[in-house]
Amino acid sequence: MALRPTRLLILLVALLLSGCAGTSTFPGSRTLAGEPYLGQGIAFYEEGDYRAASRRLMFALEEGLTIPDRVLAHKYMAFIACVSGHQLTCREEFAIALKLDPDFELDEAESGHPIWGPVFRSAKAASASKR
Numbered sequence: 667m668a669l670r671p672t673r674l675l676i677l678l679v680a681l682l683l684s685g686c687a688g689t690s691t692f693p694g695s696r697t698l699a700g701e702p703y704l705g706q707g708i709a710f711y712e713e714g715d716y717r718a719a720s721r722r723l724m725f726a727l728e729e730g731l732t733i734p735d736r737v738l739a740h741k742y743m744a745f746i747a748c749v750s751g752h753q754l755t756c757r758e759e760f761a762i763a764l765k766l767d768p769d770f771e772l773d774e775a776e777s778g779h780p781i782w783g784p785v786f787r788s789a790k791a792a793s794a795s796k797r
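In terms of the working numbering, the sequence shown opens at residue 667 and continues consecutively.
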């Protein structure tokens with residue numbers, strides 16, 4: 667199976683990040699074990715392999731990510747759930763992302779998506795009403 671340039675680039679970045687474990691550029695910063703899986707999960711998502719993407723994103727969350735990366739992982743898990751017809755799971759994933767970061771927003775192209783855009787807006791409204 668040939669790798670698309672985008673997928674190859676993301677996998678290479680993930681590999682480079684995994685090779686940087688234990689080194690830090692900033693005091694107190696560190697690479698978390700889940701980061702390579704996050705990159706792989708996003709690459710699989712972009713290729714349309716949602717099953718593999720979901721597994722890698724779950725591994726990333728289990729192995730440990732920063733809060734912004736956890737939000738990103740849950741966003742992609744929501745996208746996968748929505749396109750798979752699992753709107754409740756989609757909403758739950760967005761709710762987790764919003765709990766981690768109440769200011770989380772989708773970009774303009776993502777928020778206008780006909781499947782997950784309305785689900786995100788509903789989750790965002792519910793999150794705001796709980797604050």
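All C-beta atoms in this analysis are idealised placements derived from N, C-alpha and C, irrespective of residue type, glycine included.
With at least 16 other beta carbons inside 10 angstroms of its own, ALA763 counts as buried.
Only exposed fits ARG797, as fewer than 16 other CB atoms lie within 10 angstroms of its CB. Residue ranges of uninterrupted alpha helix (DSSP H) with 4 or more members, entirely inside the segment 737 to 784 and ordered along the chain, are 753 to 766 and 774 to 777.
DSSP, reduced to helix, strand and coil, places GLY714 outside both helices and strands of the structure shown, so it counts as coil. Take the alpha-carbon of ILE733 and the one of LEU766: they are about 7 Å apart. Just so you know, the alpha carbons of PHE786 and LEU738 end up roughly 14 Å apart.
Straight across, the Cα-Cα distance linking TYR711 with LEU727 is about 16 Å. Measuring C-alpha to C-alpha distances from GLN753 to each of MET724, TYR703, ASP773 and ILE781 identifies ILE781 as the nearest. Taking GLY707 as reference, the option from ASP715, LEU698 and ALA719 with the minimal CA-CA separation is ALA719. C-alpha of ALA775 to C-alpha of GLY783: approximately 9 Å in a straight line.
The Cβ atoms of HIS740 and PHE760 lie closer than 9 Å to each other.
Take ALA789, set aside five residues on each side of it, and the residues of its chain with a beta-carbon closer than 8 Å to its own are ARG757, PHE760, ALA761 and LEU764, in chain order.
Judged by beta-carbon spacing, MET743 lies within the 9 Å limit of LEU723, meaning their Cβ atoms are closer than that value. Assigned with DSSP and collapsed to three states, LEU727 falls in helix.
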